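Protein chains: 2
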Amino acid sequence: MAWDTQETRRRLKEAAVAEFAERGPAGTTMARIAERAGINKERLYNYFGDKQSLFETVLTDELDKLAAGVALGNPGYQDIGEFAGRTFDYHADHPELARLLQWEGLSGGPVADEVNRTVHYQDKVRAVAAAQREGVLDDGLDPAHLVFLLIALAAWWFSVPQLAAMLTGADPDAPEERARRRAGVVEAARRLAAPR
Amino acid sequence: MAWDTQETRRRLKEAAVAEFAERGPAGTTMARIAERAGINKERLYNYFGDKQSLFETVLTDELDKLAAGVALGNPGYQDIGEFAGRTFDYHADHPELARLLQWEGLSGGPVADEVNRTVHYQDKVRAVAAAQREGVLDDGLDPAHLVFLLIALAAWWFSVPQLAAMLTGADPDAPEERARRRAGVVEAARRLAAPR
DNA sequence: CCCGTCTCCAACCGGACCGTTGGAAACGGG
DNA sequence: CCCGTTTCCAACGGTCCGGTTGGAGACGGG
């Protein structure tokens, strides 16, 4: 048994992400998180406080990862379709995030880390507005709406998988199906925003 | 005390819709549903069985209402934008439905009333495919994808209200804001599907 | 007026879960 | 070798919840 408190925290958090994403805050039990991590429950309380605090910690952590992940590959808005495609890819590769965000939205409580997230999104709106003024993007839609709807296109597949299954009848994990969905999202994004 | 079993069922179901939409299946308690309806808890079990059955009953009921509501105003696909607009309106007027569907999707269990719902959606896909063949709709997108993305445009606002608030900074219940959002949805739908 | 149905009330049981506690090992720095 | 920290283990108190039960009124059809 290594003597590594950071590793312990990491394993607990990893287990918490999985459990919260799967069952939501109400359905998750602290005991199961600990069990999944192979670490005693009492450590969980010692490090992260009660369940609510743990959920917020987990969510803001994952949002930081998202911000880091998309900030890397963001060379302006030369191709709005590829932006939507990358958002689609991120969600496909990290299905927990969309679920955590949905649980948060449904739970109706206060929004975790609201200030930073608001700033982050408003930055995107400003960037889109600038691109519209320059003619790089079509300006027929309000910039905030455009950002919102682009996210919708990319995230909707992971938000209502039952509906996706009923409409396409396909296995969402099959590579071809994923590629088809991505291509549709890219095309739709261009239709929404590409200059005419 | 009226002698009306149908009214009793109705009141229980009404309370169940509200509670389930607000707190989700896991967070809802049978006692609270009964209390909200002003009816004894034991009636609830007598009429609807256990919690899982009650949730499925409630959800399929609401989906039937939706089907009835949109089937009325569906005179072909002459204006795809108005179709999206009406879907937006329905969700705006019945915010519980989107939440119930999300809870269902997150809960990951079996899809309630799957057969009927699948048929219903496949009908829509066929109608869109026909419209594409006739040139009434642009055929650059797969018909199933198009239906799926049109629903996304309309429902996304009610699916992630926290995100909507951070992006627009507006009160979603204000009439002007609702009108602005609806107009954006209609415009976006036309961009996705209107023939060029 | 009577009988079957509907309803209420109150209480109960078994189980789950949150968060805590007491104690005892394992470990590493000095 | 010793002391403080980290970890484990087991158990507990209190609460809540799902689902059931027993008994007793209210109502309407015959």
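Protein chains in written order, with full-length UniProt numbering: chain A, 1 to 196; chain B, 1 to 196.
For glycine and all other residues, C-beta sits at the position ideal for the given N, C-alpha and C.
As the structure is a prediction and not an experimental result, all values here were calculated from the model.
Checking contacts by CB at 9 Å: is residue i closer than that to chain B?
i: A:Phe148; result: yes
i: A:His145; result: yes
i: A:Tyr121; result: yes
i: A:Val17; result: no
i: A:Thr118; result: yes
i: A:Asp173; result: no
i: A:Ile80; result: no
Would you please state the rounded distance, in angstroms, between the beta carbons of residue i and residue j? I believe it to be under 8 Å.
i: B:Ala84; j: B:Arg178; result: Not quite, the Cβ-Cβ distance comes to about 15 Å (not below 8 Å), so this is no contact.
i: A:Ala153; j: A:Ala189; result: With the sequence shown as reference, residue 153 of chain A is identified as Leu, and Ala is not the correct amino acid for it. Right, the Cβ-Cβ distance comes to about 6 Å (below 8 Å), so this counts as a contact.
i: B:Pro161; j: A:Gly24; result: Between A:Gly24 and B:Pro161 the Cβ distance is about 17 Å, and since that is not below 8 Å, they are no contact.
i: A:Val147; j: A:Phe88; result: Rounded, the Cβ-Cβ distance is 15 Å, inconsistent with contact.
i: B:Gly27; j: A:Ala26; result: 4 Å
Can you tell me which of the three DSSP states residue i falls into?
i: B:Val111; result: coil
i: A:Asn116; result: helix
i: B:Gly81; result: helix
i: A:Asp50; result: coil
i: A:Arg23; result: helix
i: B:Glu134; result: coil
i: A:Pro75; result: Residue confidence for A:Pro75 is low, a pLDDT of 48 falling below 50, so the modelled location carries little weight and cannot support an answer.
i: A:Arg178; result: helix
i: residue 226 of chain B; result: Residue 226 of chain B lies beyond the stretch modelled for chain B, which goes from 1 to 196, so this question has no answer here.
i: B:Ile39; result: coil
i: A:Pro172; result: coil
i: B:Arg126; result: helix
i: A:Asp139; result: coil
i: B:Arg86; result: helix
i: A:Thr5; result: helix
i: A:Arg196; result: coil
i: A:His91; result: helix
i: B:Thr29; result: coil
i: A:Val17; result: helix
Look at residue i and residue j and say whether their C-beta atoms are less than 9 Å apart.
i: B:Phe20; j: B:Trp156; result: no
i: A:Asp138; j: A:Ala193; result: yes
i: A:Val128; j: B:Met166; result: no
i: A:Leu101; j: A:Leu59; result: yes
i: A:Ala170; j: A:Arg180; result: yes
Indicate whether at least one CB of chain A lies closer than 9 Å to the CB of residue i.
i: B:Met30; result: no
i: B:Gln102; result: yes
i: B:Thr57; result: no
i: B:Arg99; result: yes
i: B:Pro161; result: yes
i: B:Ile33; result: no
i: B:Thr168; result: yes
i: B:Arg181; result: yes
i: B:Glu187; result: yes
i: B:Ala131; result: no
i: B:Glu114; result: yes
Within the present structure, is the beta-carbon of residue i separated from the nearest heavy atom of the ligand ADP by less than 8 Å?
i: A:Gly81; result: Ligands are entirely absent from the displayed structure, and the ligand ADP is therefore not among its contents.
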